[in-house]
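What follows is a set of notes on a single structure, which appears directly below.
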Amino acid sequence: MQIFFSNSVKNGLLPIVLDTEIIEQLFVAARKNLFFQLKVDLPSQQITNAELNFKEEFEIAEDIKSFLIAGMDEISMTLQYKEDIKNYENRRLKEKPWVAEDPQEILK
Numbered sequence: 002m003q004i005f006f007s008n009s010v011k012n013g014l015l016p017i018v019l020d021t022e023i024i025e026q027l028f029v030a031a032r033k034n035l036f037f038q039l040k041v042d043l044p045s046q047q048i049t050n051a052e053l054n055f056k057e058e059f060e061i062a063e064d065i066k067s068f069l070i071a072g073m074d075e076i077s078m079t080l081q082y083k084e085d086i087k088n089y090e091n092r093r094l095k096e097k098p099w100v101a102e103d104p105q106e107i108l109k
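Per this note's numbering, the sequence shown starts with residue 2, numbered consecutively.
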């Protein structure tokens with residue numbers, strides 16, 4: 002389940018875990034109405050349906066919530082630190098210049 006959860010978030014999907022009895026109630030409602038819809042409000046962490054007077058809160062880690070609300074992926078998250086990464090790379094090359102050497106050239 003953890004792999005599914007992690008992959009869902011990476012693909013911009015919000016995996017919500019609900020109690021089995023709540024899921025059963027929702028299936029019953031969906032069978033009665035083919036146009037049944039739920040509203041998922043991520044910022045308030047609620048699932049609602051006004052017709053059924055249904056309101057359920059769900060748990061989600063704050064970092065995952067922010068990640069999904071911002072519409073980010075792992076690459077865009079990394080790019081937030083683009084300048085820090087460049088600075089690190091430059092500093093590393095100054096401290097360890099041999100890192101940039103071509104191993105093929107060294108072995109000649």
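Cβ coordinates follow ideal geometry from the N, Cα and C atoms, glycine included.
These numbers were taken from a predicted model, which means no experiment stands behind them.
Item to complete: Report yes if the C-beta distance between I23 and L43 is below 8 Å; otherwise report no.
Response: Here the question's residue 23 lines up with position 22 in the sequence shown. Here the question's residue 43 lines up with position 42 in the sequence shown. The beta carbons of I23 and L43 sit no closer together than 8 Å.
Item to complete: Counting only runs of 4+ residues fully inside the segment 34–91, write out the alpha helix (DSSP H) ranges in chain order.
Response: Counting only runs of 4 or more, we get 63–70, 75–80.
Worksheet item: Sorted by chain position, which residues of the same chain lie with C-beta nearer than 6 Å to L39's C-beta, five sequence neighbours on each side aside?
Response: Mapped onto the sequence shown, residue 39 falls at position 38. Result list for L39: I48, N50, in chain order.
Item to complete: Consult DSSP for L108 and reduce its assignment to one of helix, strand or coil.
Response: Residue 108 sits at position 107 when you count from the first residue of the sequence shown. Helix.
Discussion item. With a threshold of 8 Å, are at least 3 pairs of Cβ atoms found where one atom belongs to the segment 11–23 and the other to the segment 70–90?
Written reply: Taking a cut-off of 8 Å on C-beta distances, the segment 11–23 touches the segment 70–90, as three or more cross pairs fall below it.
Discussion item. Taking the beta carbon of F28 as the centre, do at least 16 other beta carbons fall within 10 Å, making it buried, or is it exposed?
Written reply: Against the sequence shown, residue 28 aligns to sequence position 27. It is exposed - the Cβ of F28 has fewer than 16 other Cβ atoms within 10 Å.
Worksheet item: First and last residue of the alpha helix (DSSP H) that includes I4?
Response: What you label residue 4 is simply residue 3 of the sequence shown in a count that begins at 1. From DSSP, the alpha helix (DSSP H) with I4 extends over 3–11.
Worksheet entry | F36 classed as buried or exposed, judged by whether at least 16 other C-beta atoms fall within 10 angstroms | Mapped onto the sequence shown, residue 36 falls at position 35. Exposed, since its Cβ has fewer than 16 Cβ neighbours within 10 Å.
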